[in-house]
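With this note's numbering, you'll find the sequence shown wraps up at 356, consecutive numbering, no jumps.
What follows is a single structure, written as structure tokens, with notes after it.
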Amino acid sequence: MLSCLGCRSSSSTSRKGKETSDGIKVRVMPSSTPVPPPASSASGKKNSDGIIVRVMPSTAPAQISPSAATVDQLVSKQYRGNGTGATANPTPPRLAHTILAIAQTIGPTNKQQVGSDASTPFKRLVERSISAWSSLRFCQENKYYNIHLHATALRGMKSLDEVLNSRTPISQMWFFQLKSSFMQQSRFTQWDESRLDDYVLIPVAAGFVNKTDCVFVSHFWRTTQHPDPEGLDLNLLRQDLADSRCSYVWVDWTCLPQGKLSDLQKYYFQVSLRKLPLLVRDCGYSWRFPDFRPRLWILFEVACWLFNHESCVEYDDMAGYISDCREMVQVGVKAVVDKRKYKCTNGGDTRIVTR
């Protein structure tokens, strides 16, 4: 797994950077995960407004055997788009035969599957999502085989309710807001099933969510009715992400059902919260903490990020949370939460976060 970056403005805190050989001001988050990073380094650039935008290098696919490449290319015909057609690692012979058998079933007569008619918002969401997967910087082996498996599962769903009610790893999906939609809004948009054209679905399974294409936004909730009613944090985050190479943004208010929930929406919400550490780990990380506030969700998100990386750069606005995370290792979560009086904006979330 690659190192975790966020895209930040330099307006709120004093930050140090360094000059590259071409004179670009960059900020580098050290690679710190158990999996060795690519040879290129994480870097960013300073735009005309003085915004430091940090980006992740994409991972170059490794050389693979011709037979594995042939199999993957067969599977990729339906999903290729702008993808490379290469997998990340050699394909085991037994798996190659399995993929080949699946690939032989893919052809013009099979392209019209359940969910492939783009006549409804849900079906447009399905096809837009599957099309987007081929251009993701896939982080596991057998990219197009995995795309095929998850595309088959998603195309088999007849409604949004089936997405929310997914019970198997192959069918579970994250909602991500399109970056274009994120940049156009003046306030964080509440998750709404009538706005499906603003989203893509990305499989929860390993490999799809990555730090180049996907950004997780960590932010304060200023009120219980809306996290940022005046759009103050959003305005800064839009500046931060303007020059980012990301295509998809995850914000809790926008990407999880909110408010009065149906049983299916409540189920999806709870399942997503349990998997949130995976999302924070795998996404790029962007945050807006104008000052230190003992918010439990922020502590949880920073902990998910911190403990999945061996080292990190401690920016001023994160230092308090990072210090508390490290203290939790020594004295326990409850002791730190009680000492610092951490709480959730919505009181009912406290049990979810601390259990």
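Note that CB positions come from ideal geometry on N, CA and C, so glycine has one too.
- Below 8 Å, enough C-beta pairs join the segment 168-178 and the segment 149-157 to call them touching: three or more.
- When DSSP states are grouped into helix, strand and coil, Val334 belongs to the helix group.
- Beyond the five residues adjoining it in sequence on each side, Ser273 comes within less than 7 Å, by CB distance, of Leu257 in the same chain, given in chain order.
- Along the segment 123-176, the alpha helix (DSSP H) occurs as fully enclosed runs of 4 or more residues at 144-156, 161-165, listed in sequence order.
- 9 Å or more divides the Cβ of Asp214 from the Cβ of Ser160.
- Cβ contact annotation for Glu315 (same chain, cutoff 6 Å, sequence separation greater than five): Ile323, in chain order.
- Judged by DSSP in its simplified three-state form, Pro278 adopts helix.
- The shortest CA-to-CA distance from Leu279 to any of Arg296, Ala206, Arg341, Val338 is the one to Ala206.
- Per DSSP, reduced to three states, the secondary structure at Trp251 is strand.
- Distance from the Cα of Leu137 is smallest, within the candidate group Asp292, Met319, Arg246, Glu163, for Arg246.
- Per DSSP, reduced to three states, the secondary structure at Leu202 is strand.
- Looking at the DSSP output, Cys215 shares a beta bridge with Tyr249.
- Bridge pairing for Gln178: Tyr200, Val250 [DSSP].
- Pairing Gln191 with Gln259 gives a Cβ-Cβ distance under 9 Å.
- Between Leu126 and Leu265, the gap from beta carbon to beta carbon reaches 9 Å or more.
- Between Ser263 and Leu277, the alpha-carbon positions lie close to 21 Å from each other.
- Pairing Trp298 with Met319 gives a Cβ-Cβ distance that is not under 9 Å.
- Under the three-state reduction of DSSP output, Lys344 falls in the strand class.
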